[in-house]
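Report on the following structure.
There are 2 protein chains.
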Amino acid sequence: MTLSPGATIGILGAGQLGRMLAMAAARLGLKTHVLAPESDGPAFDVAGSRTIAAYSDEAALARFAESVDVVTYEFENVPLACAEFLSERRPLRPNARALALMQDRLPEKNFLRDIGLETAPYMPVEDAGALARAVAALGRPAILKTRRFGYDGKGQAQVRDGSNLGALYRALGDEPKILEGFVRFEREVSAIAARGLTGEFAAFDLCENEHERHILARTQVPAAVARATELEARALARQVVDALDYVGVLAVEMFVVKSQGGERLVVNEIAPRVHNSGHWTIDGAETSQFEQHIRAIAGWPLGPTTRRGTIEMRNLIGQEANRWREILADPTLHLHLYGKIENRPGRKMGHTTRILPAGENERASPAPDA
Amino acid sequence: MTLSPGATIGILGAGQLGRMLAMAAARLGLKTHVLAPESDGPAFDVAGSRTIAAYSDEAALARFAESVDVVTYEFENVPLACAEFLSERRPLRPNARALALMQDRLPEKNFLRDIGLETAPYMPVEDAGALARAVAALGRPAILKTRRFGYDGKGQAQVRDGSNLGALYRALGDEPKILEGFVRFEREVSAIAARGLTGEFAAFDLCENEHERHILARTQVPAAVARATELEARALARQVVDALDYVGVLAVEMFVVKSQGGERLVVNEIAPRVHNSGHWTIDGAETSQFEQHIRAIAGWPLGPTTRRGTIEMRNLIGQEANRWREILADPTLHLHLYGKIENRPGRKMGHTTRILPAGENERASPAPDA
């Protein structure tokens, strides 16, 4: 089912990703209806229709489904029951299978292994005893993670020499966990790619990411990797979306690891949505990741991913957004603010993009063609 | 008075210009409240708050003023009483003087003459007798126009050899008119410029415009004019905004006329708002005219107007918008649709932008620096 202009896209979640999706939809003449439980979500400011309701409110979900032509989501923790309820009524893009898989680190990693991709070594951890066995198997340091609801470093703890395993296990609460072996990486990168309704594929140039306190601080494009690595990342993203019959934009976060004088990619996690490390595409690519996602879920042709130069995107976290006036006065920066009322430490308030003409200050060999 | 992120911009008018202004405001973390009488205005889809009310509804205007920090407008036919009512309560940018002037072709032309700019020869026409005298003075062909509410060729009639002046006069209705002498021009151009709260000035590169049946069909940038003409257009726009203590984006439509082997600019009309011929700036300039207007009325620094290449913008009028699928499949085009439900002949439904790398297919000498 493909949409025509004037159709309505239902978006689950009212954060900044939903906000930027809604604006991309509007640019293409599509209407949006955003559903989320919190009343002050940034996406509500730019949505044609708004429903404030719990994801478990079936009456609200039924009305929401009635009012839209296709449903998408801006975050991977949409309750599966909600996704399934909606997908019985309207096309859900990306599909519920992708969502289910990426909500839980264990099936996600199993899936990646099954399609032949390398991940960090991992073991499920059901109790403190299993943790001891897993640490014995994977060695230290290692990272204990809750299988669900982790983001920006939440729900994680490092297992170091001398760590008290029982205390660590209890600190993360009474829920299923996974232990991941430590990966000694050169850099962190992400591939933002899209698959259309007819299987068409397009990827943006590989993003190189720097985190501070587990939160993305900075993305640079192109990534300082070998051309073969860039091509491998692209191929790997295509494998993931093809295997899932995926429709929409997907992000693959990876580690670049030194390997016999060359580089190897180890997949860290995948996200069934537009991604913070792709925000540079609004100013820096011919099609933004948001427009690309809208095109894909509308059943429309994907847009060109051509990059406009050498890019640096920086998140504005918490009080960093107070620098808005200085940023506005800098002609080399594009400012994006998400309209969040409350400023909390660690909260993503906006981002900036700097674009240098291609070639100037280029950090690596040219990226392959889109 | 300057705004901070989170402040609310009140926009009078809910057309596509208001829509694109609201999206630019949202990108910068500003909220918008759109007021217009029609319920299906395209701007309502992307505005945080909406009031459907007549511009004469003072109770609604008072509530609107209470809810916003600054007021702007997307069209020059805002009733003056409405503008003045609001400007007593909140900063109105651009100011009511600019609005009053540009609502009426006679004071508008008088103003342009007063600051030393060339316009077509013109005479006010109060009755059919005055029309005969004006035609005798200005010659044929000439154009009879209503002084107010004209756009896209509405409220105009050509006075040709043999035209029945009485019938022509009556055809345009019982309202004040103006006769304009015919200008034999080489091309039509427009300058889109902005003035900030502190008098700061920035202009986009000159736009060359082609009309079909009095409606803008196509804009190309750079315009095929001499560098001196480009500089003159810029200086002339600055004269206009400085004379009016103007804050915001303004458009100056001009004719390029052959003059002693060179070129001369004759001002056709000015518009106190963002302008159709500036739509290319969304994709083709580092700052869009919409963001520039928001920056100006927020009291923020103006953004860089650097052009990204050689540009062609085409309006999608009426049924032309039905080509959306073909346009989406063309990687050289950016598609913008305004979300209008009803498609009527002559109605602006959207536009496309094509950007070629600078230099490629460049039509004129390089434009001057911004």
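Protein sequence lines, in the order shown, are assigned to chains A and B.
Letter by letter, the first sequence follows residues 1 to 370 of my numbering.
Letter by letter, the second sequence follows residues 1001 to 1370 of my numbering.
From the three backbone atoms N, C-alpha and C, an ideal C-beta is built for every residue, glycine too.
### Query
Given residue 1210 (chain B), which residues of its chain have a CB within under 6 angstroms of its CB, disregarding the five upstream and five downstream residues?
1217 and 1218
### Message
Judging by CA-CA distance, which residue of B:1065, B:1038 and B:1059 is the nearest neighbour of residue 1052 (chain B)?
### Response
B:1038
#### Entry: Reference residue 1102 (chain B); option with closest CA among B:1318, B:1321 and B:1251
B:1251
### Query
Would you say the stretch 223 to 242 of chain A touches the stretch 283 to 298 of chain A, given that touching needs at least three Cβ pairs under 8 angstroms?
no
### Message
Strictly below 7 angstroms CB to CB, what residues from chain B border residue 195 (chain A)?
### Response
Those within 7 angstroms of residue 195 (chain A) in chain B number zero; the least Cβ separation is about 16 angstroms.
### Query
Residues of chain A with a CB under 9 angstroms from the CB of residue 1068 (chain B): which are they?
Result: empty, since nearest Cβ-Cβ is about 14 angstroms, beyond 9 angstroms.
### Query
Starting from residue 1129 (chain B) and walking both ways along the beta strand (DSSP E), at which residues does that stretch end?
Segment 1128 to 1138 is the alpha helix (DSSP H) holding residue 1129 (chain B); no beta strand (DSSP E) there.
### Query
When the Cα atoms are used, what is the spatial distance from residue 1009 (chain B) to residue 1019 (chain B)?
13 angstroms
### Message
Counting only beta-carbon separations shorter than 8 angstroms, does residue 959 (chain B) have a partner in chain A?
### Response
Because chain B spans 1001 through 1370 in this model, residue 959 (chain B) falls outside it and cannot be assessed.
### Which listed residue (B:1350, B:1332, B:1303 and B:1324) has its alpha carbon closest to that of residue 327 (chain A)
B:1303
### Task
For chain A, find out if any of its Cβ atoms is closer than 8 angstroms to the Cβ of residue 1046 (chain B); answer yes or no.
yes
### Query
When you compare each of A:294, A:338, A:324 and A:319 to residue 26 (chain A) by their alpha carbons, which one comes out closest?
A:294
### Task
Taking only the alpha-carbon atoms, compute the straight-line gap between residue 163 (chain A) and residue 205 (chain A) and give it to the nearest angstrom.
40 angstroms
### Task
List the residues of chain A that residue 1336 (chain B) touches, going by C-beta distances under 7 angstroms, in chain order.
27
### Query
Just to confirm, does residue 1062 (chain B) get its C-beta within under 7 angstroms of one of the non-hydrogen atoms of the ligand SAM?
Only the bare structure without any ligand can be found here, which leaves the ligand SAM out of the picture.
### Query
Is it true that the CB of residue 357 (chain A) sits closer than 8 angstroms to the CB of residue 309 (chain A)?
yes
### Query
Could you give the residue range of the beta strand (DSSP E) that holds residue 1257 (chain B)?
1248 to 1259
### Message
Can you confirm whether the stretch 1183 to 1191 of chain B touches the stretch 1248 to 1265 of chain B when touching is taken to mean that 3 or more C-beta pairs between the two stretches lie within less than 8 angstroms?
### Response
yes
### Task
Measuring alpha carbon to alpha carbon, tell me which of B:1110, B:1341 and B:1021 ends up nearest residue 1275 (chain B).
B:1021
### Query
Which one of A:337, A:287, A:278 and A:145 has the shortest CA to CA distance from residue 158 (chain A)?
A:145
### Query
chain B beta carbons: is any one of them nearer than 8 angstroms to that of residue 102 (chain A)?
no
### Query
So what's residue 293 (chain A) in DSSP terms, helix, strand or just coil?
helix
### Query
Per DSSP, residue 210 (chain A) is paired with what?
A:218
### Message
So with CB distances below 8 angstroms, who are the chain B contacts of residue 280 (chain A)?
### Response
Under the 8 angstroms cutoff, chain B gives no residues; its nearest Cβ is about 14 angstroms from residue 280 (chain A).
### Query
Taking any Cβ of chain A, which residues in the stretch 1284 to 1302 of chain B have a Cβ under 8 angstroms from it, in chain order?
1286, 1295, 1300 and 1301
### Span of the beta strand (DSSP E) around residue 333 (chain A)
333 to 337
#### Entry: Integer Cβ distance of residue 1316 (chain B) from residue 1352 (chain B), believed to fall under 8 angstroms
7 angstroms
### Task
Please report how far the alpha carbon of residue 239 (chain A) lies from the alpha carbon of residue 265 (chain A), in whole angstroms.
14 angstroms
### Query
What's the gap between the Cα of residue 72 (chain A) and the Cα of residue 93 (chain A)?
5 angstroms
#### Entry: Contact check, residue 414 (chain A) vs residue 131 (chain A), beta carbons under 8 angstroms
Coverage of chain A is limited to positions 1 through 370, which leaves residue 414 (chain A) absent and any answer about it impossible.
### Query
Could you give the distance in angstroms between the alpha-carbon of residue 221 (chain A) and the alpha-carbon of residue 1122 (chain B)?
57 angstroms
### Task
Taking residue 284 (chain A) as part of the alpha helix (DSSP H), name the residues at either end of that continuous run.
281 to 284
### Query
When Cβ atoms are compared, which residues of the stretch 1316 to 1332 of chain B fall closer than 7 angstroms to chain E?
Any reference to chain E falls outside this structure, whose protein chains are A and B.
### Query
Cα separation between residue 313 (chain A) and residue 1054 (chain B)?
44 angstroms
### Query
Whose CA, out of B:1086, B:1247, B:1339 and B:1139, lies closest to the CA of residue 1098 (chain B)?
B:1247
### Query
If you count every other CB in all the chains shown that lies within 10 Å of the CB of residue 198 (chain A), and 16 or more means buried, which is it?
exposed
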